[in-house]
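Participant: Sharing a structure here in structure tokens format.
Protein chains in written order, with my numbering: chain E, 7 to 258; chain G, 7 to 258; chain W, 7 to 258; chain Y, 7 to 258.
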């Protein structure tokens with residue numbers, strides 16, 4: 007295995023596809039959206055990316071089998087808009103790895119002649135979200151103007167000065183390569199996996215891409231999550247433990 | 007010394023050996039089992055592995071001599087089943103090192119035409135174990151089915167989603183190479199070196215490999231440990247200090 | 007993108023320029039001075055430096071566009087003294103990166119035949135500064151003597167034994183190459199961005215370089231900051247939270 | 007500058023020299039001894055070693071000049087025994103760097119045909135030392151026996167299972183190369199620079215090497231330190247702050 011190893015399953019020819027990135031992160035918002043799109047559009051896995059820069063561990067599935075941490079790229083052809091959708095188990099745990107993996111992903115994007123990249127994530131505000139909101143950032147001023155038309159908010163003081171990880175680097179490194187890229191961040195508490203915030207991000211993305219998707223699965227998960235939140239709220243009245251994001255893997 | 011340096015002592019020709027990994031980890035379960043097998047079968051050391059990715063220190067033996075941190079591979083021929091047994095002082099302390107060392111170990115496994123790998127470890131549950139149990143994970147669904155026949159348990163929520171270090175990576179990276187591999191984890195408190203949990207893991211392994219081993223040495227250590235636990239329990243009634251795993255090197 | 011990638015915008019021919027380094031650091035003193043000089047002298051950006059060793063994130067500007075973390079070098083010609091001014095968003099976050107980036111900057115300095123380097127920073131004393139003071143260090147005893155003439159203080163016990171990051175390494179690595187270099191550190195509390203300390207450092211630097219600069223912009227920022235400090239002082243009477251430097255990005 | 011850069015000042019021809027290592031560490035014991043020997047024997051600096059693996063900072067001397075962190079090797083010829091003495095400002099701050107630098111030092115040792123290595127350090131026991139004691143470890147059983155004759159103690163449970171850094175690795179990596187090496191550790195509280203412990207280590211070393219050295223300078227420093235300890239003890243009666251080793255650089 008190389009430092010970054012790309013295993014291609016299938017060659018596909020896409021027409022100026024849009025790439026959508028949804029890796030694990032705050033509220034797992036980006037990953038929820040990416041997985042939802044992959045499932046609804048029945049997208050096909052075309053490659054897997056492994057790296058020394060992912061944590062040195064395997065994940066155990068419910069059937070008792072393991073798999074190495076990886077990122078995955080799915081492809082979906084359609085008359086309206088071909089898509090490449092990136093998701094995965096992990097992001098890099100090293101500084102260098104973040105850059106190297108983002109560069110590899112951009113190489114792949116360019117091989118497919120990607121016309122634009124959307125990176126998805128959550129923006130944690132440290133309290134329950136009252137009004138679902140999607141914040142934006144882009145690597146080009148025209149894209150900012152375009153996104154505003156879809157209700158994406160660009161706030162002076164938010165997203166807090168910086169966007170960390172793949173969602174940020176694909177924009178920054180994409181800029182150096184001249185690939186237009188937008189980051190869409192759903193407001194979220196930051197404490198829990200947030201399918202409701204994912205719904206808000208997906209709604210904007212569908213409008214922008216001019217596609218329609220059944221949202222029922224995300225709605226169902228949002229309702230399930232509401233119950234978890236309700237239970238936590240009740241527990242909170244006794245004591246006030248701040249649940250860390252990592253501890254939430256089990257409540258997905 | 008190279009980044010990873012393998013020093014071979016002896017060439018051996020084995021017949022489709024099974025590799026058993028027992029490096030230091032939770033409750034030292036894997037290492038206890040590996041050392042017990044090496045001792046009982048009088049296995050022969052065939053190579054040592056050194057690396058920059060081990061801690062920058064030497065270990066001092068009781069006779070005042072030092073040795074560099076290393077992993078060691080032992081071989082044992084028998085009519086029933088040839089074995090390669092891996093143990094050592096340390097695992098990698100860097101992210102990259104974990105991957106590189108596991109890859110090197112798999113290279114060695116393939117040179118010996120290993121037919122299957124068993125990785126051994128402990129699964130810490132944070133409290134005293136009432137019923138000795140061996141949890142499993144495998145890099146192939148058929149292996150899961152096979153292991154169930156030997157009483158290995160596969161639980162939906164355990165081993166907690168991930169297996170860290172060599173015990174996990176040998177399965178995950180082995181999967182990419184098509185080497186069948188199983189991880190056997192003995193339930194343990196996680197606070198103390200646990201020869202009792204090691205006995206449970208060894209019992210399963212002996213059954214699976216269809217070999218017989220005298221367990222007396224492990225039983226004796228388990229009894230010694232019982233006394234330590236008893237003493238700790240008494241101390242706990244005054245105050246409740248949580249003993250960290252690293253601090254237990256002296257009670258082995 | 008290479009480990010360190012230098013993107014040159016413009017070739018300039020300078021006459022034995024002096025290089026001034028003002029990267030982010032304690033009180034942001036160095037960066038404030040560098041940015042002020044760039045602005046007042048209308049210096050021209052000649053290159054950008056990107057690196058894996060900067061944090062894996064993009065910065066979001068107020069217009070919603072992002073930019074990758076980078077260092078920037080500006081040039082300014084004048085009859086008295088040509089200048090190269092280095093500033094940027096970040097310093098390395100890895101140990102190795104600090105050395106590699108400093109070496110790259112010295113390569114660039116030598117290409118331009120730099121006659122001397124001034125590195126600028128703040129020296130945090132953990133309490134409000136009563137008398138603005140500029141401490142110095144140099145990579146040559148003659149430079150120490152020269153700087154004393156401009157009121158730079160060299161104290162036995164300060165700056166505390168070591169100077170960390172680019173401001174230190176450009177001196178240390180410059181010494182190995184025979185490039186004369188001075189570090190000027192403005193005394194600062196260490197809690198807040200400190201334009202007042204920046205003014206003190208700039209005053210010394212102007213004298214040394216025998217140039218004149220309008221200081222109004224720094225004075226205005228210092229007055230603004232005074233109001234922030236005043237507000238914090240009032241808040242402190244209720245409780246005493248120690249504001250961490252990183253959290254102050256928003257009050258610039 | 008390379009990852010590890012050796013700058014040789016002077017070629018010397020030594021006769022089967024003994025190498026003595028005294029880099030910074032617990033109680034600064036090793037460094038105190040090495041510096042004392044260099045001073046008393048008027049040893050001559052023959053090379054400096056720089057590395058990316060040292061902290062990214064310069065040290066400021068009392069005259070206001072800076073110097074890059076480095077290790078230094080001194081040589082001393084004599085009829086009885088030629089010596090190479092290693093000291094320096096820092097040890098590696100990365101895991102890999104520890105190994106690479108120790109390997110480089112062993113290369114240099116072999117170029118000079120070193121007959122034996124003595125590594126020196128302190129062994130912190132967390133309380134004031136009642137009886138000055140020198141603990142030992144060696145990379146060869148015969149050396150252990152030899153050292154016992156000089157009063158060096160080899161205890162089953164101490165030095166606590168491992169020796170970290172250059173003092174350990176020169177033994178461990180030296181073993182792989184067949185270079186005999188001994189580690190001498192002076193018992194010390196671990197809280198303060200400890201010239202008294204350094205005296206004890208030096209006394210053993212002088213006996214072993216059959217050389218005589220004036221110890222007055224170390225005695226004077228030990229007396230100074232006694233006063234500091236006395237003052238700390240008085241302060242302790244009011245409150246009990248545990249002074250960290252790093253903070254003691256100023257009290258040398």
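The beta carbon of each residue, even a glycine, is placed where N, CA and C say it ideally should be.
Measure the C-alpha to C-alpha separation of residue 155 of chain E and residue 148 of chain E and round it to an integer number of angstroms.
Facilitator: Rounded to whole angstroms, residue 155 of chain E to residue 148 of chain E spans 11 Å at the Cα level.
Participant: Using only the alpha-carbon positions, how far apart do residue 146 of chain E and residue 190 of chain E sit?
Facilitator: Whole-angstrom Cα-Cα distance: 14 Å.
Participant: At a CB distance below 7 Å, what residues from the region 137-162 of chain G approach chain E? Give them in sequence order.
Facilitator: Taking 7 Å as the Cβ-Cβ cut-off against chain E, the residues of the region 137-162 of chain G that qualify are 142, 143, 144, 145, 146, 147, 150, 160 and 162.
Participant: Ends of the alpha helix (DSSP H) at residue 100 of chain W?
Facilitator: Residue 100 of chain W -> no alpha helix (DSSP H), and no H or E assigned at all.
Participant: Quick one: what's got a C-beta closer than 7 Å to residue 213 of chain Y's C-beta in the same chain, skipping five residues either side?
Facilitator: These residues qualify, in order along the chain: 156.
Participant: Using Cβ-Cβ distances below 8 Å, what residues of the region 167-193 of chain E are close to chain W?
Facilitator: Residues passing the 8 Å Cβ filter: 167, 168, 169, 170, 171, 174, 175, 177, 178, 179, 181, 182 and 189.
Participant: Going straight from the alpha carbon of residue 181 of chain G to that of residue 144 of chain G, what length do you get?
Facilitator: Taking the straight line from one Cα to the other gives about 9 Å.
Participant: Identify the contact partners of residue 45 of chain G in chain Y, using a Cβ-Cβ distance below 7 Å as the criterion.
Facilitator: The premise fails here: residue 45 of chain G is roughly 21 Å from chain Y at the closest Cβ pair, so nothing lies under 7 Å.
Participant: Kindly list, in the order they appear in chain Y, the residues whose Cβ is closer than 8 Å to that of residue 77 of chain W.
Facilitator: Ordered by position in chain Y, no residue passes the 8 Å Cβ test against residue 77 of chain W, which lies about 15 Å from the chain.
Participant: Establish whether the CB of residue 230 of chain G and some CB of chain E are separated by less than 8 Å.
Facilitator: So no, residue 230 of chain G is outside the interface.
Participant: With residue 193 of chain E and residue 129 of chain E assumed to form a contact (beta carbons below 8 Å), what rounded beta-carbon distance in angstroms separates them?
Facilitator: Indeed they touch by this definition, with Cβ atoms about 6 Å apart.
Participant: Are three or more beta carbon pairs between the region 197-211 of chain Y and the region 169-183 of chain Y nearer than 8 Å?
Facilitator: The region 197-211 of chain Y vs the region 169-183 of chain Y: no contact.
Participant: Applying the 10 Å Cβ sphere with the 16-neighbour rule, what's the burial state of residue 63 of chain G?
Facilitator: Buried, because 16 or more other Cβ atoms sit within 10 Å of the Cβ of residue 63 of chain G.
Participant: Within the continuous beta strand (DSSP E) that includes residue 57 of chain E, where are the two ends?
Facilitator: Run containing residue 57 of chain E: 50-57, per the beta strand (DSSP E) assignment.
Participant: Measure from the C-beta of residue 264 of chain W to each C-beta in chain E and report whether the shortest distance is under 8 Å.
Facilitator: Past the edges of chain W, shown from 7 to 258, lies residue 264 of chain W, and the structure says nothing about it.
Participant: Assuming contact is defined by CB atoms lying nearer than 8 Å, are residue 159 of chain W and residue 142 of chain W in contact in what I supplied?
Facilitator: Yes, these two residues count as a Cβ contact at 8 Å.
Participant: Here's a check: name, in chain order, each residue in its chain whose Cβ is nearer than 8 Å to the Cβ of residue 7 of chain W, leaving out the five neighbours to either side.
Facilitator: Correct list, in chain order: 56 and 58.
Participant: Using DSSP with H/G/I as helix, E/B as strand and the rest coil, what is residue 195 of chain Y?
Facilitator: Correct three-state label for residue 195 of chain Y: coil.
Participant: Which of helix, strand or coil does DSSP assign to residue 63 of chain W?
Facilitator: Reduced to three states, the DSSP call for residue 63 of chain W is strand.
Participant: Kindly indicate which residue of Y/199, Y/195 and Y/47 has the alpha-carbon position closest to the one of residue 85 of chain Y.
Facilitator: Here the closest residue by C-alpha is Y/47.
Participant: Could you please tell me which residues of the region 86-115 of chain E, in chain order, have their CB closer than 7 Å to any CB of chain G?
Facilitator: From the region 86-115 of chain E, only 99 and 100 have a Cβ closer than 7 Å to chain G.
Participant: In the DSSP assignment, what residue or residues form a beta bridge with residue 25 of chain W?
Facilitator: Answer by DSSP bridge pairing, in chain order: W/90 and W/123.
Participant: Answer with buried or exposed for residue 77 of chain Y, where buried requires no fewer than 16 other C-beta atoms within 10 angstroms of its C-beta.
Facilitator: Under this definition residue 77 of chain Y is a buried residue.
Participant: Could you please give me the residues that DSSP links to residue 13 of chain Y through a beta bridge?
Facilitator: In the DSSP output, where bridge partners are listed per residue, residue 13 of chain Y has Y/54.
Participant: Give a yes or no on whether the minimum CB-CB distance between residue 242 of chain Y and chain W is below 8 Å.
Facilitator: No, its Cβ sits nowhere closer than 8 Å to a Cβ of chain W.
Participant: Can you confirm whether residue 237 of chain Y, when its beta carbon is compared against all beta carbons of chain W, has any partner nearer than 8 Å?
Facilitator: Taking Cβ atoms only, chain W never reaches closer than 8 Å to residue 237 of chain Y, which makes this a no.
Participant: Measure the alpha-carbon distance for residue 82 of chain W versus residue 42 of chain W and round it to whole angstroms.
Facilitator: Whole-angstrom Cα-Cα distance: 13 Å.
Participant: Looking at residue 26 of chain W and residue 111 of chain W, is the spacing between their C-beta atoms short of 8 Å?
Facilitator: No, the Cβ-Cβ distance between residue 111 of chain W and residue 26 of chain W is not below 8 Å.
Participant: In chain order, what residues of the same chain have a beta carbon less than 8 Å from the beta carbon of residue 120 of chain E, not counting five sequence neighbours either side?
Facilitator: If we look at residue 120 of chain E and ignore the five residues flanking it on each side, its Cβ neighbours are 22, 23, 24, 25, 90 and 185.
Participant: Counting C-beta neighbours from all protein chains within 10 Å, is the total for residue 247 of chain G 16 or more, i.e. buried, or is it exposed?
Facilitator: Residue confidence for residue 247 of chain G is low, a pLDDT of 43 falling below 50, so the modelled location carries little weight; the figure read from the coordinates is stated next. Result: exposed.
Participant: Relative to the C-alpha of residue 99 of chain W, which candidate in E/80, E/12, E/224 and E/104 has its C-alpha closest?
Facilitator: If we check each option's Cα against that of residue 99 of chain W, E/104 comes out closest.
Participant: Give the DSSP-derived three-state secondary structure of residue 71 of chain E in the structure shown.
Facilitator: Residue state, collapsed to three classes: strand.
Participant: From the DSSP secondary-structure annotation, give me the bridge partner or partners of residue 129 of chain Y.
Facilitator: Answer is Y/193, bridged to residue 129 of chain Y.
Participant: Kindly list, in the order they appear in chain G, the residues whose Cβ is closer than 7 Å to that of residue 62 of chain E.
Facilitator: Result: 101, 104, 105, 170, 171 and 175.
Participant: Compare the Cα-Cα distances from residue 151 of chain W to each of W/126, W/183 and W/188 and report the closest residue.
Facilitator: Residue W/188 is the option with its Cα nearest to residue 151 of chain W.
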